[in-house]
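In numbering that gives the first Met the number 0, the protein residues as written are 0 to 144.
For every residue, glycine included, the Cβ atom is placed at its ideal position computed from N, Cα and C.
For clarity, every value in this text was computed on a predicted model and none was experimentally measured.
The structure under discussion appears below in the form of structure tokens.
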Amino acid sequence: MLSEIYLWIKALHIMAVISWMAGLFYLPRLFVYHVEQGQVDGINPVFQTMEEKLLRVIMNPAMIVAWVTGLMMVAVPGVVMWDLIWPWTKGAALIGMTWFHMWCARRRRVFAEGGNLLTGRDYRMMNEVPTVLMVVIVLSVVVKF
0 MLSEIYLWIK ALHIMAVISW MAGLFYLPRL FVYHVEQGQV DGINPVFQTM EEKLLRVIMN
60 PAMIVAWVTG LMMVAVPGVV MWDLIWPWTK GAALIGMTWF HMWCARRRRV FAEGGNLLTG
120 RDYRMMNEVP TVLMVVIVLS VVVKF
């Protein structure tokens with residue numbers, strides 16, 4: 000059954016991953032601006048609204064759809080050759096991507112509580128994490144080493 004709709008699942012997966020990645024690239028950048036342009040107490044309602052909506056309306060649903068469709072594709076016989084390295088490197092990077100998503104969600108809550116202690120530089124450095132993970136995932140899936 001899944002093999003009959005495999006290409007539809009794959010297309011939905013790609014769209015979800017693109018949406019999720021866009022959020023993972025943008026949310027830490029919002030944190031940079033929030034830190035550098037925030038009010039004296041570190042709470043800026045405009046940034047908080049943007050961060051919360053990006054996470055809740057775009058990133059969370061995209062992550063869930065990416066995971067569900069990815070697992071659906073893995074369930075199709077012959078799609079993944081588990082004796083190769085690439086599914087394992089992709090899986091490890093995907094777990095790292097999910098951890099980063101959760102880290103961003105936690106940072107958003109800390110901002111909302113007015114307890115942020117990280118600097119714009121800290122967030123700029125963390126903004127590189129999804130890029131590195133994306134490179135590992137794309138190389139794993141395309142090159143299939």
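- By the CB criterion at 7 angstroms, Val75 and Tyr5 fall inside the cutoff.
- Counting only the Cα atoms, Met0 lies some 23 angstroms from Val140.
- By the CB criterion at 7 angstroms, His12 and Thr68 fall inside the cutoff.
- For secondary structure counted as the alpha helix (DSSP H) over 4 or more consecutive residues, the region 1-51 holds these complete runs in sequence order: 5-36.
- If you check the CB distance, Met96 and Ile8 do not come in under 7 angstroms.
- In summary, Ile136 is buried, with 16 or more beta-carbon neighbours lying within 10 Å of its beta-carbon over all protein chains present.
- By the beta-carbon neighbour count (other beta carbons within 10 angstroms, threshold 16), Phe110 is buried.
- Taking the Cα of Leu53 as reference, the smallest distance to any Cα among Ala10, Val134, Leu83, Ser18 is reached at Ser18.
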